[in-house]
Amino acid sequence: MFDQVLQEVEAQCKEERIPMLGEEKAKFLAACVEKAKPSLIVECGTAIGYSGLWMLRVLKAAGTGRLITIEIDADRAAQARTNFERAGMADLVASRIGDAQEVLKSIQDPVDFLLLDNNFNNYFPCFQAIEPQLTNPATVAADNVGIGAESMADYLEHVRERYESETHWFDIDLPWVKQDAIEVSIYRHLLND
Numbered sequence: 054m055f056d057q058v059l060q061e062v063e064a065q066c067k068e069e070r071i072p073m074l075g076e077e078k079a080k081f082l083a084a085c086v087e088k089a090k091p092s093l094i095v096e097c098g099t100a101i102g103y104s105g106l107w108m109l110r111v112l113k114a115a116g117t118g119r120l121i122t123i124e125i126d127a128d129r130a131a132q133a134r135t136n137f138e139r140a141g142m143a144d145l146v147a148s149r150i151g152d153a154q155e156v157l158k159s160i161q162d163p164v165d166f167l168l169l170d171n172n173f174n175n176y177f178p179c180f181q182a183i184e185p186q187l188t189n190p191a192t193v194a195a196d197n198v199g200i201g202a203e204s205m206a207d208y209l210e211h212v213r214e215r216y217e218s219e220t221h222w223f224d225i226d227l228p229w230v231k232q233d234a235i236e237v238s239i240y241r242h243l244l245n246d
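See the structure below:
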């Protein structure tokens, strides 16, 4: 059932032009989650649950971990919740609705993995809002750094100057973009910050 739900979500995203990672980047993200073995993933930008499903599959296979996913659009968040339920993953995910910057401030648990996939100019404010909860180390993945680098320049400058950070480029097969990148940073508490 999981694979069927994932295929349906991918088809709906393509048909309705709902932003999503696409299979190429999603497989890479899943591998990052597998490597990090997080207890808690926080995702900024749920849309209808495509990337959430990929990450949840890894958590389910590992038998540990959970996801908090944040979406500003209540209708999309409701669709994502339905998709998580249909895929049998609802027990591993908490959906929160609202502006990610504000919602992040309410999270009190340690966060091992952060996915930034919302409005590009919101990446740095979101990172700053959750930074006190990031574990040492934590993995931070930022999507769309190929197409949105200018709008998230403050975020990219911050992580590239302070942390082990790497840009991964992908040729992708989506109707709206053919090449994009994910920035993966290993966050560590710095003594002088």
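This note's numbering puts the first residue of the sequence shown at 54, with every later residue one more than the last. We put the CB at the ideal spot given by N, CA and C, even for glycine. Because the structure is a prediction, the values reported are computed rather than measured.
Reference residue i, options the options, closest by Cα
i      : options                           : result
Ser159 : Cys179, Trp222, Lys88 and Tyr216  : Cys179
Thr117 : Leu109, Glu124 and Ile123         : Leu109
Asn172 : Val146, Ala64, Asp226 and Ile123  : Ile123
Gln60  : Trp107, Gly98, Ala182 and Asp233  : Trp107
Thr192 : Ile235, Asp224, Arg70 and Ile71   : Ile235
Cys66  : Ala147, Gln132 and Asp207         : Gln132
Asn189 : Ile200, Val198, Ile239 and Leu93  : Ile239
Leu145 : Phe177, Ala153, Gly105 and Val164 : Gly105
Leu43  : Asp162, Ala127 and Thr135         : No answer is possible for residue 43: it lies beyond the span of the chain, which begins at 54 and ends at 246.
Ile125 : Leu157, Gly151, Ala114 and Glu155 : Gly151
Arg134 : Gly102, Ala89 and Leu120          : Gly102
Ala89  : Gly75, Ala115 and Glu68           : Ala115
Pro91  : Gly199, Ala194 and Ser218         : Ala194
Glu155 : Arg119, Leu167 and Ile183         : Ile183
Exposure of residue i, with buried meaning 16 or more beta-carbon neighbours within 10 Å
i      : result
Met54  : exposed
Lys80  : exposed
Leu243 : exposed
Asp226 : exposed
Asp196 : buried
Arg70  : exposed
Asp233 : buried
Lys78  : buried
Gly141 : exposed
Residue i versus residue j - alpha carbon distance
i      : j      : result
Leu209 : Ala202 : 8 Å
Val58  : Arg139 : 7 Å
Glu63  : Met73  : 8 Å
Asn174 : Arg213 : 17 Å
Trp222 : Thr99  : 22 Å
Arg215 : Ala206 : 14 Å
Glu96  : Leu187 : 13 Å
Asp165 : Ser148 : 18 Å
Ala83  : Val111 : 6 Å
Gln181 : Lys231 : 30 Å
Asn136 : Ser218 : 32 Å
Pro228 : Ile121 : 28 Å
DSSP state of residue i mapped onto helix, strand, coil
i      : result
Asn136 : helix
Lys88  : helix
Leu93  : strand
Asn189 : strand
Tyr216 : coil
Glu155 : helix
Asp246 : Model confidence at Asp246 stands at a pLDDT of 49, short of 50, so the residue's coordinates are unreliable; what they give is reported in the following sentence. DSSP places Asp246 in coil when its eight states are reduced to three.
Ile160 : coil
Ala194 : strand
Residue i beta carbon near the ligand HEM (any heavy atom closer than 6 Å)
i      : result
Ser104 : Ligands displayed in this structure: none; no statement on the ligand HEM is therefore possible.
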